[in-house]
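Peer 1: Sending over a structure as structure tokens; questions will come in a sec.
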Amino acid sequence: MVIKVAVAYDILRWEEKALINAVRAAGAEALLLHTEVTTVNLSSEDSGLSADVVLQRCTSHTLAVESTVVLEGLGLRVINSLKTVSIAVDKVWTASVLKANKIPTPVTAVAFSPDAAFRVAEELGYPVVVKPVNGSWGRMICLARDREELRAIIEHRRYLPGINSKVYIIQEYVRKPGRDLRVFVVGDEVPVAIYRISQHWITNTARGGRAVKAEVDSELEDLALRTAKAVGGEVLGIDVLEDPERGYLINEVNAMAEFKNTVRSTGCDLHVKIAKYAISLAKR
Amino acid sequence: MKFRCPICGLDVEVPDDVISGEIVEHECGAVLEVIQYDGGITLKPLEGVQEDWGE
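Protein chains in written order, with my numbering: chain A, 1 to 284; chain B, 1001 to 1055.
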């Protein structure tokens, strides 16, 4: 019987197309769950949806979470799971889980009011990084070098609608060496990592950071796998900072990670590895 | 396959093996998303980056 791997997506990026082709090249059937046209009747006896495993690849965090809710509710196995996706899209939740699992991170505090945000910034010491609860590609991440810059950030945030305006993530500024790391986990392996090199302190390749292959030493591999285990993740892009004194610090976890720059700069066919991992789960 | 551009009304060439969600650019400058449903294909202008988009 042919294994069926579904791919849930909203935007068909290079990654999604590569995954679909890799699933087909491995001899499995690729079922396309384009959120633009997919509906599910939760009251129906038969949803009409069946797959051995689903790869969750929505670009919208909202659609990623909600479509995983629906798919798991139908009894489908989704990579990554609802628990992992939910943790990864919420920076407060991520920080809390990493702390509970003794994963090293930048010093991170959370405040629920502007006054408390000022107090915690004073405790951490400037400069501080201010982050939104939900965000990606470096969006809405700010550097406050002093109280006045923090005041401007908080004041603007305060009058923005939505949850990002009510919770303040205040983090120490890590003096990284002009780069950070994106480390990939697929199952119980760490197949590849890249440095993201940038003159700017926000190094996302989406913002022009340059991808260069990085060696994965045993310490980095162990840390990445422990991080994956902490969030229950199976296919992750983990952002790692290098602190001059403390070494590797886990910054963020991405559950629907992009990887075209990694494939192009390292020659590691991540899309093939992910597709084969998904198929292997179906065979168990 | 040819479909009408929702922006300028002229024909847009879409590959026969198109996948739902693929992006095509029309000569008028429009960036269009191919939506493939049971009844056929439609083109819609691609939305800009939304506030909850990311990895």
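Each residue gets a CB set at the ideal place from its N, CA and C atoms; glycine is no exception. Computed from a prediction, not measured in an experiment: that's the story for all the values here.
1) With a threshold of 8 Å between beta-carbons, can Leu32/A be considered close to chain B, or not?
2) Would the beta-carbon of Ile169/A fall within 8 Å of that of Val133/A?
3) Please report how far the alpha carbon of Leu55/A lies from the alpha carbon of Leu270/A, in whole angstroms.
4) Would the beta-carbon of Met140/A be found less than 7 Å away from any heavy atom of the ligand COA?
5) Can at least three beta-carbon pairs, one atom from the region 134 to 141 of chain A and one from the region 181 to 195 of chain A, be found at a separation below 8 Å?
6) For Leu71/A, go through chain B and note every residue whose CB falls closer than 9 Å to its CB, in chain order.
7) May I have a chain-ordered list of the beta strand (DSSP E) segments no shorter than 3 residues that lie completely inside the region 1011 to 1037 of chain B?
8) Exposed or buried, what is Leu150/A when buried is set at 16 or more other beta-carbons lying within 10 Å of its beta-carbon?
9) Provide the residue(s) that pair with Asp180/A in DSSP beta bridges, ordered along the chain.
10) Measure the alpha-carbon distance for Met256/A versus Ser81/A and round it to whole angstroms.
11) Mind reading off the beta-carbon distance from Ala30/A to Val7/A? Whole number of angstroms is fine, and I expect it under 8 Å.
12) Compile a chain-ordered list of the residues in the region 12 to 24 of chain A whose CB is closer than 8 Å to at least one CB of chain B.
13) Quick check: the Cα distance between Glu16/A and Glu122/A, rounded to an integer number of angstroms?
Peer 2: In short:
1) For this step, residue 32/A is matched to residue 32 along the first sequence. Interface residue, yes.
2) Position 169 of the first sequence holds residue 169/A. Position 133 of the first sequence holds residue 133/A. Yes, the pair counts as a contact, with Cβ atoms nearer than the cut-off.
3) Here residue 55/A is taken as the residue at index 55 of the first sequence, counted from 1. Here residue 270/A is taken as the residue at index 270 of the first sequence, counted from 1. Cα-Cα distance, rounded: 14 Å.
4) What this structure holds is no ligand at all, so the ligand COA is not there to describe.
5) no
6) As a working mapping, residue 71/A is identified with position 71 in the first sequence. Per Cβ cutoff of 9 Å: no residues; Leu71/A is ~17 Å from chain B at best.
7) 1011 to 1013, 1023 to 1025 and 1031 to 1037
8) Position 150 of the first sequence holds residue 150/A. Its Cβ being crowded by 16 or more others within 10 Å, Leu150/A is buried.
9) Taking the first sequence and counting its residues from 1, the one referred to as residue 180/A is at position 180. Paired residues: Arg196/A.
10) If you number the first sequence from 1, residue 256/A lands on position 256. If you number the first sequence from 1, residue 81/A lands on position 81. Roughly 11 Å between the two C-alpha positions.
11) For the purposes of this step, residue 30/A is taken as residue 30 along the first sequence, with counting starting at 1. For the purposes of this step, residue 7/A is taken as residue 7 along the first sequence, with counting starting at 1. Contact holds; Cβ gap of about 6 Å.
12) Leu12, Glu16, Lys17 and Ile20
13) The count along the first sequence starts at 1 and reaches residue 16/A at position 16. The count along the first sequence starts at 1 and reaches residue 122/A at position 122. Glu16/A and Glu122/A: Cα-Cα distance of roughly 44 Å.
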